[in-house]
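In my numbering, the protein residues as written are 305 to 638.
Cβ coordinates follow ideal geometry from the N, Cα and C atoms, glycine included.
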Amino acid sequence: MYVKQKISAAVVALLAASTLGAAANEKVTFGTNWLAEPEHGGYYQAVADGTYAACGLDVTIMQGGPQVSGRPMLLAGKIDFYMGGNLLSAFDAVQQGIPMRVVAADFQKDPQVIMSHPGEGLDKWEDLKNAEQYILGDEGVQTFFQWMVIELGFDASKRVPYTYNTAPFLANKKSIQQGYVTSEPFAVKKEGGFVPNQFLLADYGWDTYSTTIEVMQETIDKKPEVVQCFVDGSAKGWYKYLYGDNKAANDMIKKDNPDMSDEQIAFSIEQMKKFGLADSGDTEKLGIGAMKEERIKSFYDKMVKAKVTPQGIDITKAYTLAFINKGVGLELKK
Numbered sequence: 305m306y307v308k309q310k311i312s313a314a315v316v317a318l319l320a321a322s323t324l325g326a327a328a329n330e331k332v333t334f335g336t337n338w339l340a341e342p343e344h345g346g347y348y349q350a351v352a353d354g355t356y357a358a359c360g361l362d363v364t365i366m367q368g369g370p371q372v373s374g375r376p377m378l379l380a381g382k383i384d385f386y387m388g389g390n391l392l393s394a395f396d397a398v399q400q401g402i403p404m405r406v407v408a409a410d411f412q413k414d415p416q417v418i419m420s421h422p423g424e425g426l427d428k429w430e431d432l433k434n435a436e437q438y439i440l441g442d443e444g445v446q447t448f449f450q451w452m453v454i455e456l457g458f459d460a461s462k463r464v465p466y467t468y469n470t471a472p473f474l475a476n477k478k479s480i481q482q483g484y485v486t487s488e489p490f491a492v493k494k495e496g497g498f499v500p501n502q503f504l505l506a507d508y509g510w511d512t513y514s515t516t517i518e519v520m521q522e523t524i525d526k527k528p529e530v531v532q533c534f535v536d537g538s539a540k541g542w543y544k545y546l547y548g549d550n551k552a553a554n555d556m557i558k559k560d561n562p563d564m565s566d567e568q569i570a571f572s573i574e575q576m577k578k579f580g581l582a583d584s585g586d587t588e589k590l591g592i593g594a595m596k597e598e599r600i601k602s603f604y605d606k607m608v609k610a611k612v613t614p615q616g617i618d619i620t621k622a623y624t625l626a627f628i629n630k631g632v633g634l635e636l637k638k
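Here it is, written out as structure tokens:
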């Protein structure tokens, strides 16, 4: 039987006493896992429109990138919150004895997508394994591709490296390629002149949460009101970014990442809404950031079966539901 995690009485008491929010203008830093982009829009929105400030936080966003290692900075106490990609890093932290927890999942669905050329016999999910080659990055091969091989019968010998260049995919109409649904389809349309088939892995069984908020246990224990403010502010920021006036947030994103175009931003937001990345399923009642224990357990079991993650990890140490599932921000959805 799956045993629910227990939150210490001290933390519960502190949460109950923290209705007034964090101390005024308490400075915290949130590290993202890539250069500024619309996939980070809810956090930029909450900074730009004062949502974080309203509950007492002065939030600085430290953008990630190819030369930035954000998670070690979280572990070292250099930043207060970090944006996780999916749940695997949280499982790994438990295995290594690192006291880090996921406190919210701002994407219900991982943006990971597999693309194919239309009209080439690869128009259905079950057809994709028949492609001549699978263009996949190293990280993908070590994670979701292992699941695709074990669960779905993909042929590991067909994999070729993805170098973040769409040219090989465009040149071979019988190939498939990984990507983010908010990014690579845009590049294919721009460079190849067509809209590729897009198969979001989350819609076919890859049920990890994504764009998680990671925080050290010490922060949860000592400053639960800061964690609650950041989690709630982020949820509200995402609602306002997706459904309200997001110009100020987009201006901040473009300032941090001058390579980001208005066209790319518009495409990414459209895709986030179309595929329900942030707002779908459980969020309709529980609010953005929602997580459920049974779904986390389901993903863990799949990763054990695919030999991505070892068996026997106490995954209840990887997350807490104390700060979410309260319907925060639902009234902002328009």
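For residue 502 and residue 571, the rounded distance between their alpha carbons:
As a first step, residue 571 is located in the sequence shown; it is residue number 267 there, counting from the start. As a first step, residue 502 is located in the sequence shown; it is residue number 198 there, counting from the start. Roughly 14 Å between the two C-alpha positions.
Report the CB separation of residue 407 from residue 603 in whole angstroms; it is logged as a contact under 8 Å.
For this step, residue 407 is matched to residue 103 along the sequence shown. For this step, residue 603 is matched to residue 299 along the sequence shown. That pair is no contact at about 17 Å.
Check whether the region 483-497 touches the region 370-386, counting contact only when three or more Cβ pairs, one atom from each stretch, lie closer than 8 Å.
no
Quick one: Cα of residue 529 to Cα of residue 413, how far?
Within the sequence shown, numbered from 1, the residue matching residue 529 stands at position 225. Within the sequence shown, numbered from 1, the residue matching residue 413 stands at position 109. Their Cα atoms are separated by approximately 27 Å.
If you follow the alpha helix (DSSP H) that residue 606 is in, where does it begin and where does it stop?
Looking up residue 606 in the sequence shown gives position 302. Counting along the chain, the alpha helix (DSSP H) containing residue 606 begins and ends at 597-609.
Given a cut-off of 7 Å on the beta-carbon distance, is the pair residue 538 and residue 401 in contact?
Position 234 of the sequence shown holds residue 538. Position 97 of the sequence shown holds residue 401. Cβ distance not < 7 Å, so residue 538 and residue 401 don't count as in contact.
Which same chain residues, not among the five before or five after residue 573, have their C-beta less than 6 Å away from its C-beta?
If you number the sequence shown from 1, residue 573 lands on position 269. Here the set comprises 342.
Rounded to a whole number of angstroms, what is the C-alpha to C-alpha distance between residue 356 and residue 490?
Counting from 1 along the sequence shown, the entry for residue 356 is found at position 52. Counting from 1 along the sequence shown, the entry for residue 490 is found at position 186. Here the C-alpha atom of residue 356 lies approximately 32 Å from the C-alpha atom of residue 490.
Just grab the DSSP bridge partners of residue 330 for me.
Locating residue 330 in the sequence shown gives position 26, counting from the first residue. Answer by DSSP bridge pairing, in chain order: 361.
At which residues does the beta strand (DSSP E) containing residue 404 begin and terminate?
For the purposes of this step, residue 404 is taken as the residue at position 100 of the sequence shown. Residue 404 -> beta strand (DSSP E) spans 404-411.
Can you give me the C-alpha to C-alpha distance between residue 349 and residue 629, rounded to a whole angstrom?
To locate residue 349, count along the sequence shown from 1; it is residue 45. To locate residue 629, count along the sequence shown from 1; it is residue 325. The straight-line gap from Cα to Cα measures roughly 21 Å.
Under the DSSP definition of a beta bridge, which residues are partnered with residue 503?
As a working note, residue 503 is residue 199 in the sequence shown. Note: residue 503 sits in a beta bridge opposite 418.
Own chain residues within Cβ distance below 6 Å of residue 394, not counting five before or after:
Your numbering for residue 394 matches position 90 in the sequence shown. Taken in chain order, the residues that qualify are 406, 622.
If you draw a straight line from the C-alpha of residue 507 to the C-alpha of residue 496, how long is it?
Here the question's residue 507 lines up with position 203 in the sequence shown. Here the question's residue 496 lines up with position 192 in the sequence shown. Going by the C-alpha atoms only, they are around 25 Å apart.
Please state the DSSP three-state secondary structure of residue 620.
By one-based count along the sequence shown, residue 620 stands at place 316. In the structure shown, residue 620 sits in a helix (DSSP, three-state: H, G or I).
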